[in-house]
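Protein chains in written order, with this note's numbering: chain D, 50 to 696; chain W, 8 to 208. Data block below; observations after.
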Ligand code: HEM
Ligand SMILES: [Cu+2]
């Protein structure tokens, strides 16, 4: 196959995208060379094992993916508002909704949250880093290579076009030949393995590296949500691993798991996919709950109401999340009994979720709320998410779902939970912890503009979709010239552009704040209202995090520390700190596995084998790796802390 | 937060890092349980869907499978002996028993490969029907795990021969022993729910 046959052609939109990708790549290469930043890039970022830097890389990648997924969304909305314009053809539309969904869930929502976990969780529990920093770097690069692989599909080889759920038999070799679907399979596989490793890593970190005295029920609620999420990851992701592997083997090596021939069972895919897929939606919502809890407690200046109820409701949600997957295909015909069972289990989830809502409201009740931008996102979340949850319960009634299923009602439901839940939380968390990451806040005035554009745009975009759904408009449809649907579709598109503007303002704010925001002088950035240990560190956080780890025996330990004048720099008790060494191996190893995946996408087995051998060599190197890291000397710690604390 | 090293208890648990790595590996095994459960579930769902290919009852041979089971179960036992020697601090004993373990493991693999080739000759391949896809992928994933385990164990034996039994090498060796026992447990399930049931039904 030559290069010409590889590149996707025939469409001006794609040519435009190719040219812009080419230009951006050249620009980046030029800037790196011109400013002599290659060494810096390698030494400070590509080889890092520091959880804070890895977290920042996750968040940056997630923002880029949010942009890419957002462009897809805009194109779909343009098509739906002006169906007669012929802006997209059906094939192109199929590809775009597929990449939009996949990117938003796998390459945007999850990495964004995992990025925040990376940065914040060790700081909240008083740890030096993750339990396994090397593995953490591997996870990041696995995600990164997976994301890149998935994203190049639209210029090389062609994008997947069977929906983010990739149902068989449509996604099988017989009906979707060519590399498109393989990009989906390999991109998700690679990043999924990284996610699984992160889940294990976070679990061990939280279980084993807490500050002395900190019991599980003293942990900050975001850390709790991370622990519960890791649990879901560890038990759900292997199912995805297998589902993807089986479909890959079906497509490339001709097995018959999901085929229509050889007595294969296409419906098994839907089961496997959603046995992972439903827990997955809780993987992206529980950390969001955690973030909102932190933000609400800080800006209501009160301890979170009903801490243990919050924790237990998360645990119950996590368990239930494994027992509801059939609600995604009530219409597949499993029978009245099965549907009823899953209908009940689905509606049960609303109970612990409701408990959480009431706890947030009770925290706010009679408190002195400070309407900072982070808090605004949290406040907007509560009513919006309720709309999503209530319609979820409506979908959960199996009989009614026959009407709602695969209509715009469903689309509106999951955007109300995913955007008002996960995306608002990502923004709230980023704004809230921004000073910890970069040493300055994001500008509040511009932040409010971004907030209002995005939130109003969101409701204008998705609220009409409930009614479009009730009017019978199916999802994944590229021609909608049914006259009754048109007005609401146009309104929806207007809202989508409102969100786009909000996002643009948000990104501009990153730049503006970098240039103009005041630099932080204290670690406790939000008017001294910090409650948990991350605010006890200096800003920017020294690479070893804590000079000395305080003894913790309560929830919100930093409140009392401040009263008693204690800090994380107990000078007489400073000891040398053990740190892991930086290494470029995780990056190189994942680049090899990325190459292997690329080979499999095009079914060039020789290339896959070359990449795999490279990966295995790096695994062998790893087992022979006896690097024990290094110690930060007491003098250096004292010097750093004295300077940062102005002593 | 400097590394504190205990002076009592099994070597592999003496450092904080050792404890964390072992806990991490247990969690990883939890994920592996889910992984194999998913494969068992797909296998069970596809049971009987042999299309035009032979049925398992026609092909499965009790003899080969019994030998394989015997080899793998014994290897788990000798692996336990190797860990026992490690606790006694004997590099020689550890190496000897682990080599026996690996030879048994290689024997198991040999039989498995022979078995697969034999089935393929009889017209049952990964492509011939949904049932056989399920069978080959389930058994094959287990076989692949065994293969990786053997390679990994050789690398560890080499390291132990150079470095002796330390906090780090003992932790690594303990972990591979967990892995090996885990594969044995999985095999017991394959033996009963795939081969025994397949021969009867
Ligand atoms: C009260 C809680 C919830 C209930 C009762 C619920 C119920 C449902 C039901 C029954 C469906 C399937 C409808 C159909 O296909 O006809 C569905 C779809 C979906 N839900 Fe929810 N849900 C809830 C919360 C959430 C949350 C918190 C998220 C994510 C953050 C979420 C994300 C999704 C997604 C992504 C889909 C559709 C996926 C697709 O078909 O492409 N849901 N929900
Ligand atoms: Cu669901």
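Yeah, the Cβ is synthetic: ideal placement off N, Cα and C, and Gly gets one too. Predicted model, so just to flag it, every value in this text is computed and none were measured.
- By the beta-carbon neighbour count (other beta carbons within 10 angstroms, threshold 16), residue 657 of chain D is buried.
- For residue 626 of chain D, the uninterrupted beta strand (DSSP E) run begins and ends at 626–628, by DSSP.
- In the pairwise beta carbon analysis, the stretch 206–214 of chain D is classified as touching the stretch 143–150 of chain D: at least three pairs are separated by under 8 angstroms.
- Residue 149 of chain D has its Cβ no nearer than 6 angstroms to any heavy atom of ligand 1.
- Scanning D:669, D:383, D:568 for the CA closest to the CA of residue 451 of chain D turns up D:383.
- For a Cβ distance threshold of 9 angstroms, residue set 24, 27, 28, 30, 31 of chain W lies close to residue 180 of chain D, ordered along the chain.
- In terms of beta-carbon proximity, residue 208 of chain W stays away from the interface with chain D, with every pair separated by 7 angstroms or more.
- Residue range 679–681 is occupied by the beta strand (DSSP E) that includes residue 679 of chain D.
- Between residue 404 of chain D and residue 362 of chain D, the gap from beta carbon to beta carbon is short of 7 angstroms.
- Judged by beta-carbon spacing, residue 430 of chain D lies beyond the 7 angstroms limit of residue 476 of chain D, meaning their Cβ atoms are not closer than that value.
- At least 7 angstroms separates the beta-carbon of residue 293 of chain D from that of residue 325 of chain D.
- By the rule that beta-carbons nearer than 7 angstroms mark a contact, residue 636 of chain D does not touch chain W.
- By the Cβ test, the stretch 507–517 of chain D is not in contact with the stretch 607–614 of chain D, since fewer than three Cβ pairs between them sit closer than 8 angstroms.
- The residues 157, in chain order, have a CB closer than 7 angstroms to that of residue 113 of chain W in the same chain once the five nearest residues on each side in sequence are set aside.
- Excluding its 5 nearest sequence neighbours in each direction, residue 525 of chain D has C-beta neighbours in its own chain below 7 angstroms: 146, 212, listed in chain order.
- Secondary structure of residue 209 of chain D (DSSP, three-state): coil.
- If you check the C-beta of residue 327 of chain D against ligand 2, you find a heavy atom less than 6 angstroms away.
- Taking the Cβ atoms as the reference, residue 389 of chain D lies roughly 7 angstroms from residue 447 of chain D, within the contact range of under 8 angstroms.
- Within the same chain, Cβ atoms closer than 8 angstroms to the Cβ of residue 357 of chain D are found at 266, the five residues on either side in sequence being excluded.
- Residue 558 of chain D places its beta carbon less than 7 angstroms from that of residue 492 of chain D.
- Of the candidates D:400, D:461, D:202, D:90, D:461 places its Cα closest to the Cα of residue 507 of chain D.
- The stretch 81–100 of chain W and the stretch 132–144 of chain W do not touch, with fewer than 3 CB-CB distances between them shorter than 8 angstroms.
- DSSP, read as helix, strand or coil, puts residue 12 of chain W in strand.
- Counted as a single uninterrupted DSSP element, the alpha helix (DSSP H) harbouring residue 122 of chain D occupies residues 100–130.
- Excluding five sequence positions before and after residue 149 of chain W, the CB atoms of its chain that fall closer than 8 angstroms to its own CB belong to 43, 190, 193, 194, 197, given in chain order.
- In this chain, the alpha helix (DSSP H) harbouring residue 169 of chain W covers 137–170.
- Minimum Cα-Cα distance from residue 182 of chain W among the listed residues W:24, W:28, W:12, W:23 corresponds to W:28.
- Between residue 81 of chain D and residue 72 of chain D, the beta carbon gap of about 15 angstroms keeps them out of contact (Cβ cut-off 8 angstroms).
- Between residue 386 of chain D and residue 376 of chain D, the CB-CB gap reaches or exceeds 7 angstroms.
- Taking one beta carbon from each stretch, the stretch 248–259 of chain D and the stretch 20–36 of chain W have 3 or more pairs nearer than 8 angstroms; the two touch.
- Its chain contains 217, 218, 307 as the residues whose beta carbon lies nearer than 6 angstroms to that of residue 315 of chain D, once the 5 sequence neighbours on both sides are disregarded; these appear in chain order.
- Secondary structure of residue 600 of chain D (DSSP, three-state): coil.
- Beta-bridge analysis with DSSP links residue 489 of chain D to D:568.
- Residue 252 of chain D has a beta carbon lying within less than 7 angstroms of a beta carbon in chain W.
- For residue 587 of chain D, the three-state secondary structure derived from DSSP is coil.
- Beta-bridge analysis with DSSP links residue 456 of chain D to D:523.
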